[in-house]
Structures are given as C-alpha cells and as structure tokens.
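Taking our numbering, I'd label the letters of the sequence shown as residues 5 to 71.
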Amino acid sequence: GLEAAICAMAIKHNVVPPTINLDRLDPECDGLDLVPHEARERRLNVTMSNSFGFGGTNATLVLKRYS
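This is the structure:
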C-alpha cells in the first residue's frame with residue numbers, strides 16, 4: 005500500500021524518488037538512468053511497483069496519469 009501511495013505521489017508531483025545507498029555502480033549498468041541519493045524532477049505519466057512475497061506471492065501495480 006505504501007509503495008502505491010508513493011507511486012501516485014510521484015506522478016502527481018513529477019518527482020522520481022531516489023535509490024538510497026547506491027554508492028558503487030556496476031560497470032555493466034552503464035547507460036541506465038539511475039537516480040542515486042536525491043530525487044529528480046521529471047514528468048511522469050506511468051509508474052510501476054513490484055512486490056515480492058514469501059511462497060511466490062508476487063504482484064505488480066502499474067499506475068497511469070489520469071487524463
């Protein structure tokens with residue numbers, strides 16, 4: 005539930021939440037647009053939240069800006 009709220013707020017405020025503790029990037033990830041330590045302003049139309057639980061209980065929630 006908390007991740008869904010964060011995704012909705014990210015769309016509303018056009019902010020990409022940061023990945024905390026991302027200090028050492030793998031060289032194979034070069035070219036990916038990562039957001040280490042500080043949030044970044046950017047227009048968002050769609051967000052996705054993945055949740056992985058015990059026993060294979062998994063869910064993905066995709067939120068889209070209402071137009």
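C-beta atoms are modelled at their ideal positions from N, C-alpha and C, and glycine is treated no differently.
Own chain partners of Lys68 with C-beta closer than 6 Å, once the 5 adjacent residues on each side are dropped
Taken in chain order, the residues that qualify are Val50.
Endpoints, alpha helix (DSSP H) assigned at Leu6:
For Leu6, the enclosing alpha helix (DSSP H) has its first and last residue at 6-17.
By Cβ distance below 8 Å, which residues in the same chain neighbour Phe56 in space, the five residues on each side in sequence not counted?
Asn62, listed in sequence order.
Apply the 10 Å Cβ neighbour rule to Cys33 and answer buried if 16 or more other Cβ atoms are within range, or exposed otherwise.
By the neighbour-count rule (16 or more Cβ atoms within 10 Å), Cys33 is not buried but exposed.
What does a CB cutoff of less than 6 Å around Met52 pick up in its chain, not counting 5 residues either side in sequence?
Within its own chain, the residues whose Cβ lies closer than 6 Å to the Cβ of Met52, once the five positions on either side in sequence are excluded, are Val66, listed in chain order.
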